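Every letter in the sequence shown is one number past the one before it in the UniProt record's numbering, and letter 144, counting from 1, is 144.
Note that beta-carbon positions come from the ideal geometry of N, C-alpha and C, so glycine has one too.
In this text, all values refer to a predicted model and were calculated from it rather than measured experimentally.
For reference, the structure is listed below as structure tokens.
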Amino acid sequence: MEIDLGLMRERILDVAEQHFRRIGYQKTSMADIAACLRMSSANIYRYFPSRAEIDAAICGRFIERTTRSADAVARQKAPAHEKIEGLLKLLHEERQKTFIQEKRVYDLIVAATMENWPVIRAHNDRLTTIIAEIIQEGAEGGTFFVDDAATAARSAMNAFMPFYHPVFVANKVRNTEETGQLHEEQICFILKALGWSDQRICLSVLPPQMRRKTSLPAT
């Protein structure tokens, strides 16, 4: 009976993902994966030329979930500035949650990021594209004032990296740093850089004593 190539690859990845979650990608061997599938390690290589390809595919599965969530935010019927704010909050919260709840998964994402795997580059490019689409929408609607949405999106992503790069996020969590205030301040900074001028969006991140001194224009 002929075995469906795509189906078999997915079965291998399902088993690999289970092992990665349970014992970590570094401790998972091809023999472990093969044993669960009742096949030889050599047989695994019929479907994946290298172990690195399996690692990249599993990493892609993990980060694809974040990409889908980002897409969902972009499709919401909401003002562009709210989409940017919601998207950046989502990215940071997802990173923190993964580090706290799935440390072994996080280790794989760290390795992929530090070694600049193609799957990470593709993920970051996709996020930048999503942000660019929102910025363009905001520019066309008069919410943002930028000359080039793609350039603005790259700058926004670079400015946000301290709250999304897995190493930076992990260090903050390990050191029990409270990132909420800084995170919101950075989002406020990015929105202002894009031309969002309504200061109400940023009042909530100011210390109470500064809020009292800040006056809003009459409406």
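Counting only the same chain and skipping the five closest in sequence on each side, list residues whose C-beta sits under 7 angstroms from that of residue i.
i, result
"residue 30", "41, 44, 51"
"residue 150", "132"
"residue 219", "Low confidence applies to residue 219: its pLDDT is 33, below 50, so where it sits in the model is not reliable, and the reading given next is rough at best. Once the five neighbours on either side are set aside, residue 219 has no close Cβ partner at all."
"residue 213", "The pLDDT assigned to residue 213 is 38, lower than 50, so where the model puts this residue is not dependable; a value taken from the coordinates is nonetheless given after this. There are no such residues."
Decide if residue i is buried, meaning its Cβ has at least 16 other Cβ atoms within 10 Å, or exposed.
i, result
"residue 95", "buried"
"residue 153", "buried"
"residue 191", "buried"
"residue 83", "buried"
"residue 93", "exposed"
"residue 80", "buried"
"residue 220", "Because the chain here runs from 1 to 219, residue 220 falls outside it and cannot be looked at."
"residue 4", "exposed"
"residue 78", "exposed"
Under three-state DSSP, which class holds residue i?
i, result
"residue 157", "helix"
"residue 145", "coil"
"residue 214", "At residue 214, the pLDDT of 34 sits below 50, so the modelled position is not reliable; the number obtained from the coordinates is stated separately. Of the three classes helix, strand and coil, the one that applies to residue 214 here is coil, per DSSP."
"residue 30", "helix"
"residue 43", "helix"
"residue 4", "coil"
"residue 195", "coil"
"residue 69", "helix"
"residue 176", "coil"
"residue 162", "helix"
"residue 37", "coil"
"residue 79", "coil"
Who are the Cβ neighbours of residue i in its own chain at under 6 angstroms, not counting the five residues just before and after it?
i, result
"residue 9", "47"
"residue 87", "70, 73"
"residue 159", "190"
"residue 66", "94"
"residue 220", "This structure leaves residue 220 out entirely; the chain is present only between 1 and 219."
"residue 38", "none"
"residue 157", "128"
Hey, residue i and residue j are a contact pair by Cβ (cut 8 angstroms); roughly how many whole angstroms apart?
i, j, result
"residue 63", "residue 13", "Going by Cβ atoms, the distance from residue 63 to residue 13 rounds to 14 angstroms, so no, they are not a contact pair."
"residue 119", "residue 112", "6 angstroms"
"residue 186", "residue 163", "6 angstroms"
"residue 108", "residue 146", "Not quite, the Cβ-Cβ distance comes to about 35 angstroms (not below 8 angstroms), so this is no contact."
Does the distance between the C-beta of residue i and the nearest non-hydrogen atom of the ligand SAM fall short of 7 angstroms?
i, result
"residue 119", "This structure lacks the ligand SAM; in fact it carries no ligand of any kind."
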